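Q: Those letters in the sequence shown? Residues 582 to 773, per our numbering, in order.
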Amino acid sequence: MLLGALLAGMLGAVAVPAWAHTPYRQWQVYRQRHLVIGASREDAESYPKAKELQAFLEEHLPDASARVARARTLQRLADLIATDQLRVLLLSLGDAEALMRGDDPFAYAVPDLRTLARFGDHVLCARTEFPDAHAWILAWTFAEHDRAGQPTDLPVPVHTGVELALAGEPMPPLPDDLEADASEEVEVPHRH
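1. What's the C-alpha gap between D693 and A724?
2. Mind checking who I662 pairs with in its DSSP beta bridge?
3. Going by DSSP, what residue range makes up the beta strand (DSSP E) through F700?
4. Give me the residue from H615, L747, A620 with the minimum Cα distance to L658.
5. Label L679 either buried or exposed according to how many other C-beta atoms from any shown protein chain fall within 10 Å of its C-beta, with 16 as the threshold for buried.
6. Would a C-beta distance cut-off of 8 Å place A729 and F711 closer than the cut-off?
7. For the alpha helix (DSSP H) holding V743, just list the boundary residues, first then last.
8. Would you kindly check if the distance between the Cβ of A645 and the Cβ of L671 is under 8 Å?
9. Could you have a look at P756 and say whether DSSP puts it in helix, strand or coil?
10. In terms of residue numbering, what span does the alpha helix (DSSP H) encompassing H715 cover?
11. At what residues does the beta strand (DSSP E) containing A650 begin and finish?
Shown next as structure tokens:
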């Protein structure tokens, strides 16, 4: 099955930039093997929602090996995504907009923040550098199981990979370092 074959290499084996600010090699390896969803203690609803997403992905997209990491503050989440130590965050709509613009409570903007999916008054976000193929697979999985709301009228633009999935377009190419890992015999599933 495509999702299993691709995700084993795609969501798990993402290249780690040398400039990431973590001193711990173990954390870098962990991030390569797991889709880590960042949540914050300052947003009491984000952690339980992130745990629900983790359970959903464990059932429907197990090769993503989803995990939840909870930061003490929203600013710490901003620091982690800005330095590519976390690639995916679950934020309230207001916090996502504030992070994209650099409004309070954030010390700076992350203008390339994009929406991957909407879950009530929260959005799953990543930066534009999050691979289109990864965003496509997540969007396709959420849509296939009616898990996420339509990402319309949001303060944070929708990720290109999500737009492609929701438009019924084929999955974008894998990142160069992962194309060699994909099997040519596996077909991309299409929504019915």
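Glycine is no exception: its CB is placed at the ideal position from the N, C-alpha and C atoms. Bear in mind that the values here come from a model prediction, so they are computed numbers and not experimental data.
A: Looking at the atomic coordinates:
1. So the alpha carbons of these two residues sit roughly 24 Å apart.
2. Bridge partners of I662: none, in fact.
3. 694-700 is the extent of the beta strand (DSSP E) around F700.
4. Minimum Cα distance to L658 is reached at A620.
5. According to the sequence displayed, residue 679 carries Ala and not Leu. Buried, since its Cβ has 16 or more Cβ neighbours within 10 Å.
6. Result no, Cβ atoms of A729 and F711 do not sit closer than 8 Å.
7. Segment 741-747, the alpha helix (DSSP H) holding V743.
8. Contact flag unset, no.
9. In the three-state scheme derived from DSSP, where H, G and I count as helix and E and B as strand, P756 is classed as coil.
10. 713-725 is the span of the alpha helix (DSSP H), which, as asked, contains H715.
11. Element bounds for A650: 648-652.
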